[in-house]
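Undergrad: Just so you know, the sequences run in chain order A and B.
Count along the first sequence from 1, then add 85; that gives the number in the numbering used here.
Count along the second sequence from 1, then add 169; that gives the number in the numbering used here.
Can you keep this structure in mind? I'll have questions shortly.
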Amino acid sequence: MTTLTTPTDTRPAAAGAAVVVDPATLPARPGLRDTLTQTLALAGRSLITMRRNPEQLVDVAIQPLLFTAMFAYLFGGAIAGGVSSYLPTLIPGILGQTALTACMATGISLRDDMDKGVFDRFRSLPIARIAPLAGPAVADLVRYAIAATLTVLTGLAMGYRPGGGLPGVVGGWLVVVAAGWSLSWIFTWLGTVARSAQSVQGISMMVMFPLTFLSNAFVPVDTLPSWLQHFVTWNPVSLVIAAVRDLLNDGQVTWHVGAALLGCLVVVAIFAPLSVRSYARKV
Amino acid sequence: MTTSQSPGPQLSPRTDTRPDTRPDTQPGDLAVQATGLVKTFGGHRAVDGVDLEVRRGEVFGVLGPNGAGKTTTLSMLATLLPIDGGEARILGVDVRREPHRVRQLIGLTGQYASVDERLTATENLRLFGRLLGMSRREARSRAVDLLERFGLQEAADRPLSGFSGGMRRRLDLAASLLSRPPLIFLDEPTTGLDPRTRGQMWDTIRELVASGCTVLLTTQYLDEADQLADRIAVIDHGRKVAEGTPEELKAAVGSSTLQVRLTDPARTQEAAGLVAGATGQAPTVTPEAGALNVPLAQADAAADVLIALRAAGVSIASATVAQPTLDEVFLTLTGAPTGAAATDQHENGEVA
Ligand SMILES: Nc1ncnc2c1ncn2[C@@H]1O[C@H](COP(=O)(O)OP(=O)(O)OP(=O)(O)O)[C@@H](O)[C@H]1O
Ligand SMILES: [Mg+2]
Numbered sequence: 086m087t088t089l090t091t092p093t094d095t096r097p098a099a100a101g102a103a104v105v106v107d108p109a110t111l112p113a114r115p116g117l118r119d120t121l122t123q124t125l126a127l128a129g130r131s132l133i134t135m136r137r138n139p140e141q142l143v144d145v146a147i148q149p150l151l152f153t154a155m156f157a158y159l160f161g162g163a164i165a166g167g168v169s170s171y172l173p174t175l176i177p178g179i180l181g182q183t184a185l186t187a188c189m190a191t192g193i194s195l196r197d198d199m200d201k202g203v204f205d206r207f208r209s210l211p212i213a214r215i216a217p218l219a220g221p222a223v224a225d226l227v228r229y230a231i232a233a234t235l236t237v238l239t240g241l242a243m244g245y246r247p248g249g250g251l252p253g254v255v256g257g258w259l260v261v262v263a264a265g266w267s268l269s270w271i272f273t274w275l276g277t278v279a280r281s282a283q284s285v286q287g288i289s290m291m292v293m294f295p296l297t298f299l300s301n302a303f304v305p306v307d308t309l310p311s312w313l314q315h316f317v318t319w320n321p322v323s324l325v326i327a328a329v330r331d332l333l334n335d336g337q338v339t340w341h342v343g344a345a346l347l348g349c350l351v352v353v354a355i356f357a358p359l360s361v362r363s364y365a366r367k368v
Numbered sequence: 170m171t172t173s174q175s176p177g178p179q180l181s182p183r184t185d186t187r188p189d190t191r192p193d194t195q196p197g198d199l200a201v202q203a204t205g206l207v208k209t210f211g212g213h214r215a216v217d218g219v220d221l222e223v224r225r226g227e228v229f230g231v232l233g234p235n236g237a238g239k240t241t242t243l244s245m246l247a248t249l250l251p252i253d254g255g256e257a258r259i260l261g262v263d264v265r266r267e268p269h270r271v272r273q274l275i276g277l278t279g280q281y282a283s284v285d286e287r288l289t290a291t292e293n294l295r296l297f298g299r300l301l302g303m304s305r306r307e308a309r310s311r312a313v314d315l316l317e318r319f320g321l322q323e324a325a326d327r328p329l330s331g332f333s334g335g336m337r338r339r340l341d342l343a344a345s346l347l348s349r350p351p352l353i354f355l356d357e358p359t360t361g362l363d364p365r366t367r368g369q370m371w372d373t374i375r376e377l378v379a380s381g382c383t384v385l386l387t388t389q390y391l392d393e394a395d396q397l398a399d400r401i402a403v404i405d406h407g408r409k410v411a412e413g414t415p416e417e418l419k420a421a422v423g424s425s426t427l428q429v430r431l432t433d434p435a436r437t438q439e440a441a442g443l444v445a446g447a448t449g450q451a452p453t454v455t456p457e458a459g460a461l462n463v464p465l466a467q468a469d470a471a472a473d474v475l476i477a478l479r480a481a482g483v484s485i486a487s488a489t490v491a492q493p494t495l496d497e498v499f500l501t502l503t504g505a506p507t508g509a510a511a512t513d514q515h516e517n518g519e520v521a
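Take a look at the structure:
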């Protein structure tokens, strides 16, 4: 039964009067506070979905275990003369890598989501254009947290003893989570420009491989040809890994940490506006 | 309980579904004012210079076949698609320049469900309520209220995957009403609904208008536009080919027909004589089947025919009044059947 006239309906029949406030008094753009509330509401939506489909978290649960063990036994002997002496190099490297791969899924699921009808409603609602993009990104903090925690735990189980102690580990963990969130904007942007989830996947792979492997994650930079060293040094993933190494192994907040956070900020400053622009234009 | 914002005729809620047909409406009274709207996809002009004027408090129907450009027009007005040409104002607010303001004035129920499949009905409404700036408590109570009004309270916490088409449509409409917008866009609100659910949707729309909303709806069905709309624009191939009240359009389309079947075919000729007497026009007959096709100037004349037959003791097996079809509307309005070029019959626009 469809009845619209229960007493709870306070809308006066006096038509326009109550409903039509003077349009000129309405805000012309969303305020900062509203944007924040909207982002959190949409993050909540993503979290509900995540809770109902925990299989979305398989990649961040399995990959750290797999990669840490694999790379440690594969490269440990060759690069550092043994597994345990390689772990201080490797664990921060894996942390940087998983931050990046974990945020790859952001773009794919956003593209998927954008094709659903509910995004039409988001477009027609008076909300900040960035909220439907930033909401899922905020919810994905959970993914980076899981990935970072499991990587550290795997390392500890394999005999890694971080020299920075608990504060160093906590600091490194925070940098990884922040980096994951920042770098995810690259993939969010890909999600808004690509035509299908598959193409996001393909392009993301092409972005991800150079960024992770052309970094200081697994090998010392000075073993590389000099032309490559430039890219590797300024690769934001390298900056993050260098910062995490300093925090985890030495417990020190070095300039690397500043550079990493600045690098992340630059990535957000470039890709967040680009994402919003192409999202707002998307049919 | 009806107090118009300007002095006007006081109407009872029932008849109030067709208010405000006063000719002296001013620009500020217009809920929608669009001139020369254009949307191009590739080289294809999906909307090709459409003018629309929707007055406050009325139900305006946009009638057209598949691919006519209804959804595209609505999407531009609702800020979902950029406007390629022309101008549009919603309650005086420029759509192109101030989309955020426009979004605060409208509620949109799209052609396809725009709710989150993975959330429950309550979660959907609460999410949209929060997005519209309601407090948690307000969003919760408004969700409960709307679910009850739309008869969805029992399904409130079930996942949408178990919802029927009609339930989804109702939830969708409920979501569009959360903010109590003064202007509501409904894109084919009853396509795919069974007759009963369709009737309920019509009632809902009438109640919305009675409570002061302006409704712009699209439909492929002439009878739906007839039932609900105060005024109708017929569009085809991205162009407006006609505009007017349902009465004006039907007058342009001409007669509907009454199809009668007699229980006793032997009395067909006798019945034909009675019908001719009642309507002043001879029906076409199929004597073997005992069938008569009676052209009607007005649907009301059907009663005269049936009474005449009854008075003479001619018993009938069935009687149907066939409405003019959308095809016939097009045939009459454009001189070409649906789908064929509705070329340049654009001069009718009452909007200068
Ligand atoms: N995103 C798009 N890209 C390309 N062409 C489009 C797009 N959207 C619509 N069209 C085309 O524009 C024309 C009008 O489409 P529209 O959806 O507005 O029609 P409609 O009147 O809503 O039809 P229906 O009754 O089927 O919903 C069609 O020819 C359609 O193919
Ligand atoms: Mg459509």
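Note that the Cβ used here is the ideal one computed from N, Cα and C, for glycine as well.
Below 6 Å CB to CB, which residues in the same chain sit around B:S484 once its five sequence neighbours on both sides are set aside?
TA: Around B:S484: T432.
Undergrad: I want to know whether the segment 259-266 of chain A touches the segment 177-192 of chain A - three or more CB-CB distances under 8 Å.
TA: The segment 259-266 of chain A, when compared against the segment 177-192 of chain A, does touch it at the 8 Å Cβ threshold.
Undergrad: Please check if any C-beta of chain A sits within less than 9 Å of the C-beta of B:I259.
TA: Judged by the 9 Å Cβ criterion, B:I259 is in contact with chain A.
Undergrad: Between A:D331 and the rest of its own chain, which residues show a CB-CB distance below 6 Å, the 5 nearest in sequence each way excluded?
TA: Result list for A:D331: Q337, T339, H341, in chain order.
Undergrad: Would you say the segment 216-231 of chain A touches the segment 302-322 of chain A, given that touching needs at least three Cβ pairs under 8 Å?
TA: The segment 216-231 of chain A vs the segment 302-322 of chain A: no contact.
Undergrad: Using a C-beta cutoff of 9 Å, does B:Q396 count as contacting chain A?
TA: With 9 Å as the cut-off, B:Q396 does not count as an interface residue toward chain A.
Undergrad: For B:D356, is the beta carbon positioned less than 8 Å from some heavy atom of ligand 2?
TA: Correct: B:D356 has its Cβ closer than 8 Å to ligand 2.
Undergrad: Looking at B:K208 and ligand 2, is the gap between the Cβ and the nearest heavy atom below 8 Å?
TA: Checking the Cβ of B:K208 against ligand 2 gives no.
Undergrad: Cutting at 8 Å between CB atoms, please list the residues of its own chain near A:A154, excluding the five before and the five after it.
TA: Closer than 8 Å at Cβ, skipping near neighbours: T239, M243.
Undergrad: At 3 residues or longer, and completely inside the segment 402-432 of chain B: list those beta strand (DSSP E) runs for me, N to C.
TA: Runs of the beta strand (DSSP E) inside the segment 402-432 of chain B: 408-413, 425-431.
Undergrad: Would you call the CB atoms of B:L318 and B:A343 closer than 9 Å?
TA: First, the residue type needs correcting, since residue 318 of chain B is Arg and not Leu in the sequence shown. Yes. Within cutoff.
Undergrad: Within the present structure, is the beta-carbon of B:T240 separated from the nearest heavy atom of ligand 2 by less than 8 Å?
TA: Checking every heavy atom of ligand 2 against the Cβ of B:T240, one is found closer than 8 Å.
Undergrad: Regarding B:T387 and ligand 1, is the C-beta to nearest heavy atom distance less than 8 Å?
TA: Checking every heavy atom of ligand 1 against the Cβ of B:T387, one is found closer than 8 Å.
Undergrad: Residues in its own chain within less than 7 Å of A:F160 by CB, not counting five upstream and five downstream?
TA: Answer for A:F160: Y171, F303, listed in chain order.
Undergrad: Going by beta-carbon coordinates alone, are B:L385 and B:L221 separated by less than 9 Å?
TA: Yes, they are a contact pair.
Undergrad: Mind checking B:A451: buried by the 16 CB within 10 Å criterion, or exposed?
TA: Exposed: under 16 other Cβ atoms inside 10 Å.
Undergrad: For B:L296 and A:A354, what's the separation of their Cα atoms in angstroms?
TA: Distance between the alpha carbons of B:L296 and A:A354 is about 28 Å.
Undergrad: Report the three-state DSSP secondary structure of B:S181 (helix, strand or coil).
TA: Model confidence at B:S181 stands at a pLDDT of 33, short of 50, so the residue's coordinates are unreliable; what they give is reported in the following sentence. In the structure shown, B:S181 sits in coil (DSSP, three-state: anything other than H, G, I, E or B).
Undergrad: In the structure shown, what three-state DSSP assignment does B:D273 receive?
TA: The sequence given here has Gln at residue 273 of chain B, not Asp. In the structure shown, B:Q273 sits in coil (DSSP, three-state: anything other than H, G, I, E or B).
Undergrad: What number of angstroms, rounded off, separates the C-alpha of B:K208 from the C-alpha of A:T122?
TA: Cα to Cα, B:K208 sits roughly 34 Å from A:T122.
Undergrad: Alpha carbons only, please: which of A:L175, A:Q314, A:L275, A:L299 is nearest the one belonging to A:P358?
TA: Per the Cα distances, A:L275.
Undergrad: Quick one: is A:S360 buried, meaning 16 or more other Cβ sit within 10 Å of its Cβ, or exposed?
TA: Flag for A:S360 reads buried.
Undergrad: If the cut is a Cβ gap below 7 Å, which residues of chain B does A:D205 touch?
TA: What A:D205 touches in chain B: L249, G279, S283.
Undergrad: From the DSSP output, which residues share a beta bridge with A:R208?
TA: Looking at the DSSP assignment, A:R208 forms no beta bridge with any residue, so it has no partner.
Undergrad: Can you tell me whether B:A215 sits near ligand 1, meaning its C-beta is under 8 Å from at least one heavy atom of the ligand?
TA: Indeed, a heavy atom of ligand 1 lies less than 8 Å from the Cβ.
Undergrad: Run through DSSP, which three-state label would B:R400 get?
TA: Residue state, collapsed to three classes: strand.
Undergrad: Going by beta carbon distance, what residues of the same chain come within less than 7 Å of A:A260, once the five residues before and after it are set aside?
TA: In the sequence as displayed, the identity of residue 260 of chain A is Val instead of Ala. These residues qualify, in order along the chain: V325, A328, V329, L332, V342, A345.
Undergrad: Excluding the 5 residues flanking B:A324 on each side, which residues of the same chain have their C-beta closer than 7 Å to its C-beta?
TA: Same-chain partners within the cutoff: A290, F332, M336.
Undergrad: With H, G and I counted as helix, E and B as strand and the rest as coil, what does DSSP make of B:T360?
TA: Coil.
Undergrad: Out of A:S311, A:T191, A:L180, A:P173, which one is the CA nearest neighbour of A:P221?
TA: That would be A:T191, whose Cα lies nearest to the Cα of A:P221.
Undergrad: Using DSSP bridges, identify the partner residues of B:G254.
TA: Partner(s): B:V207.
Undergrad: Under 9 Å between the Cβ atoms of B:T414 and B:D392?
TA: Their beta carbons are not under 9 Å apart, which means B:T414 does not touch B:D392 by this criterion.
Undergrad: Along the beta strand (DSSP E) that carries A:V322, what are the first and last residues, could you check?
TA: Taken as a continuous stretch (DSSP letters only), A:V322 belongs to no beta strand (DSSP E), being part of the alpha helix (DSSP H) at 321-330.
Undergrad: Rounded C-beta distance between B:L355 and A:S209? I'm assuming under 8 Å.
TA: Actually they are not in contact, since the Cβ atoms of B:L355 and A:S209 sit about 13 Å apart, beyond 8 Å.
Undergrad: At what residues does the alpha helix (DSSP H) containing B:G345 begin and finish?
TA: Checking the displayed sequence, the identity of residue 345 of chain B turns out to be Ser instead of Gly. Segment 334-346, the alpha helix (DSSP H) holding B:S345.
Undergrad: Less than 8 Å separating the Cβ of B:A237 from some heavy atom of ligand 1?
TA: At least one heavy atom of ligand 1 is nearer than 8 Å to the Cβ of B:A237, so yes.
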